[in-house]
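Visitor:
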Amino acid sequence: MELTNEFNLKEIEQVTRDYLSKLDLQKMIDDSSDKRDKIMFIEGPPTLNGEPHAGHLRGRVFKDLWYRFNTLNLKNVIFNAGWDTQGLPV
Numbered sequence: 001m002e003l004t005n006e007f008n009l010k011e012i013e014q015v016t017r018d019y020l021s022k023l024d025l026q027k028m029i030d031d032s033s034d035k036r037d038k039i040m041f042i043e044g045p046p047t048l049n050g051e052p053h054a055g056h057l058r059g060r061v062f063k064d065l066w067y068r069f070n071t072l073n074l075k076n077v078i079f080n081a082g083w084d085t086q087g088l089p090v
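Residue 1 is where the sequence shown starts when you use UniProt numbering, and the numbers rise one by one after that.
#1: From the DSSP output, in three-state form, read off E13 for me.
#2: Can you check which of these residues, I29, D64, F41, E2, is closest to L74 by C-alpha distance?
#3: For M40, list the residues DSSP reports as bridge partners.
#4: In chain order, what residues of the same chain lie with their CB nearer than 8 Å to the CB of D31, ignoring the 5 residues before and after it?
This is the structure we're talking about:
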């Protein structure tokens with residue numbers, strides 16, 4: 001894909017979908033499960049302190065990109081949900 005003056009989101013989505021469908025991501029993930037290079041990741045519980053702002057989104061996006069990056073690099077990423085230690089339901 002080349003840079004143009006127009007931003008065509010539908011075209012970008014289609015090119016991305018075509019690329020990802022050729023990768024066979026599930027096979028990559030399954031094949032990586034026997035690798036010795038394992039990474040454990042614990043995601044904290046979803047919380048919202050104060051008024052919603054970009055910082056709430058930023059933390060989630062960085063974690064998601066980190067998880068996807070390492071998975072695509074054939075690392076066995078063990079992803080666990082966190083918990084609330086105050087006894088509050090999540």
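Note that beta-carbon positions come from the ideal geometry of N, C-alpha and C, so glycine has one too.
Guide: Concretely, from the data shown:
#1: Counted from its first residue, the sequence shown places residue 13 at position 13. If DSSP states are grouped into helix, strand and coil, E13 belongs with the helices.
#2: For the purposes of this step, residue 74 is taken as the residue at position 74 of the sequence shown. Here the closest residue by C-alpha is I29.
#3: For the purposes of this step, residue 40 is taken as the residue at position 40 of the sequence shown. In the DSSP output, where bridge partners are listed per residue, M40 has I78.
#4: Sequence index remark: in the sequence shown, residue 31 carries index 31 (1-based). So the qualifying residues of the chain are L74.
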